[in-house]
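Every letter in the sequence shown is one number past the one before it in the numbering used here, and letter 108, counting from 1, is 257.
Backbone N, C-alpha and C define an ideal beta-carbon position, used for all residues, glycine too.
Values in this document were obtained by computation on a predicted structure and should not be read as measured data.
This report concerns only the one structure given below.
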Amino acid sequence: MTNGTGRTLRSRRLVTPDAIPASDPVQNSDPALRPRRLAEFVGQGQGRANLETFIGAARLREEPMDHTLLHGPPGLGKTTMAQIISGELGVGFRATSGPVIARAGDLAALLTNLQPRDVLFIDEIHRLNPAVEEVLYPAMEDFQLDLIIGEGPSARSVRIDLPRFTLVGATTRAGLLTTPLRDRFGINMRMQFYTTAELVQILHRQADKLEMKLAEDGAEEVAKRSRGTPRVAGRLLRRVRDIALVEGAELVTAGLQIKRSPSWVLIRQGLTGWTGVICPVWQTHLVAGLLVWKR
């Protein structure tokens, strides 16, 4: 996209120094369902305990927390944890993604507009442009930005002092990080898959916020089919809520049957994940392993 002068306009998300709004793709489709404090976060017991210590120490020293790397499979709460770190520290939160920081100038725009002790979150940090990554090294280590201004014989190096900040990087492929970048993170936290019991807790909290009644056995059935991932559990819960609402059900539980006419979508677990299948008329069905109590 271009403006009236013919210059290319970049997406606001690339270089903006402002916090990402709730409508941004980085955010959850329903941010209200996300925990906001460590005390509300379920799972990741050892990592969460470590972060509580590191955050407490940073607050007592009134210094930024060490740069933190969150890595693990998608959907385990890396973005949520980054937001919680910012909230617990009581500082600003800026978010972007590795692939969209195309030039050193984009990174400079973000870094120079940070306030002292702010958290800068870079998702998919393993996909940073190598040239941008080189500029990030002194920013992480010395809180300085080295830029080349101009070209040819007139080019000169400019060093800019930055406010001391915390970089939180997230990646699903930690093995693709270069050694120099990985070694600059003082805190390394691997996100683990969640147990069924942990997912049940998460589902009950989400059900309360969605104002739906979810029985314990119903929550267990959804949790068992969520592949240890809260994002999958939340998606399944919303679909079960949709079906329960259409059916006029007040309680979602296991082991109870209903009939639906003329046809409906059954969520089931296939070899490649969850798929929707149109079911015949007047047939008794199972919803994501659940049956819905219809009053």
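The residue among G377, D332, R384, R333 with its C-alpha nearest the C-alpha of A356 is R384. In this structure, DSSP gives D272 an extended state, which the three-state scheme calls strand. Annotation for F242: no alpha helix (DSSP H) segment contains it, though the beta strand (DSSP E) segment containing it runs 242–246. Our two residues, R388 and T229, have alpha carbons roughly 22 angstroms apart in a direct line. G318 sits in a strand when the DSSP states are folded into three classes. For the options L326, I297, V381, N199, the alpha carbon positioned closest to that of H275 is the one of L326. When the five nearest sequence neighbours on each side are left out, the beta carbons in the same chain lying within less than 6 angstroms of the beta carbon of I309 are those of L294, in order along the chain.
The criterion of a C-beta distance shorter than 9 angstroms is satisfied by I336 and N199.
For V401, the secondary structure class from DSSP, reduced to helix, strand or coil, is strand. Each residue's CA atom was taken as its position, placing V268 and T345 some 32 angstroms apart.
Distance from the Cα of V317 is smallest, within the candidate group V307, S306, R333, for R333.
For the pair T378 and L238, the CB atoms are not nearer than the 9 angstroms cut-off. In this structure, the beta-carbon distance from P213 to R313 falls below 9 angstroms. Residues G192, Q193, G196, G221, L225 of the same chain have their beta carbon placed closer than 8 angstroms to that of Q341, with the five preceding and five following residues left out of the count.
The C-beta separation of A382 from L352 comes to about 6 angstroms, placing the pair in contact by the 8 angstroms criterion. Just so you know, the alpha carbons of P248 and L256 end up roughly 12 angstroms apart. Among the bridge pairs identified by DSSP, M338 is matched with L219. A check of alpha carbon separations from V240 across E211, A368, R252, L219 identifies E211 as the nearest. For R305, the uninterrupted beta strand (DSSP E) segment begins and ends at 305–310.
Linking N278 to R322 through their CA atoms gives a straight-line distance of about 15 angstroms. Nearest neighbour of R266 by Cα position, chosen from A251, I250, R243, V284, turns out to be R243.
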